[in-house]
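In the working numbering, the protein residues as written are 60 to 322. Each remark here refers to the structure printed beneath this line.
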Ligand code: SF4
């Protein structure tokens, strides 16, 4: 059984000729796609640049796990954080999560939070992690970076209400993703409105992310010194923030670098 010490990308062929990507991170996490394409329209993302082509079935999500197994990888956990918005493909995603639990494979997801009713429900599931991608602390920037997500204030309201009902242990499983983009959202003023949320729920983690280069994209991440400075400032503000995960900054890691294509 081969286990990677670096990231490995799988292009998994589907029956209708489309293919989706899954990434095995050297850390042991398998990131799978939930849709072919995506309707959320984040402008920094290659995965959603062609819009939504179609939803994947639960079997097609599971196919990505089997593809990793048959390629000699034994994931320790799975995250539904690849191509697609998992809450837009709700019943198949729930069925997939159930199948992971059946084989004792911890499963987490990343979402932009829409529709809000599903986001509210998802926060109560027995997941192994739920990351809400915000990438902004102000409504204007949030609208620019995640155009078809629910409004920022609605997302924060649902999140706060749910966190208040969760145990501290469960709250630790919830996080905010913040993809740092140079000149767009990497100033303190942008992050400042989020800070009271982290004071109210200190178990919550802010995950600072960087993007890998995407051809023709105007979006780039700030230099390491800027990230260090923001991280230190956030710590001084009492925010539990994490620097970019080293696995995500390697080749085939990171947000917005996946894509979908027809074979
Ligand atoms: S970053 Fe995620 S939610 Fe946004 S367009 Fe890409 S796949 Fe969709």
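We put the beta carbon where it would ideally sit given N, CA and C, even for glycine.
Annotation for residue 103: 204, 238, 240, 270, 273, 276, 278, 314, 315 place their beta carbon closer than 8 Å to its own, counting only its chain and skipping 5 residues before and after.
With respect to the C-alpha of residue 303, the residue from 252, 283, 123 having the closest C-alpha is 283. In the same chain as residue 159, and ignoring 5 residues on each side of it, the C-beta atoms closer than 8 Å to its own belong to 124, 137, 165, 166, in chain order.
With a 10 Å radius around the Cβ and a threshold of 16 neighbouring Cβ atoms, residue 245 comes out buried. The closest CA to that of residue 186, considering only 169, 78, 111, 288, is found on 169. Going by DSSP, residue 81 is part of the beta strand (DSSP E) stretching over 77-83.
Proximity to residue 257 across 287, 294, 225, 85 peaks at 294, based on C-alpha coordinates. For residue 95, the uninterrupted beta strand (DSSP E) run begins and ends at 94-96, by DSSP. Where residue 167 is concerned, the enclosing beta strand (DSSP E) starts and stops at 166-170. Distances from the CB of residue 91 to the heavy atoms of the ligand SF4 are all 8 Å or more. With a threshold of 16 other beta carbon atoms within 10 Å, residue 145 meets it and is buried.
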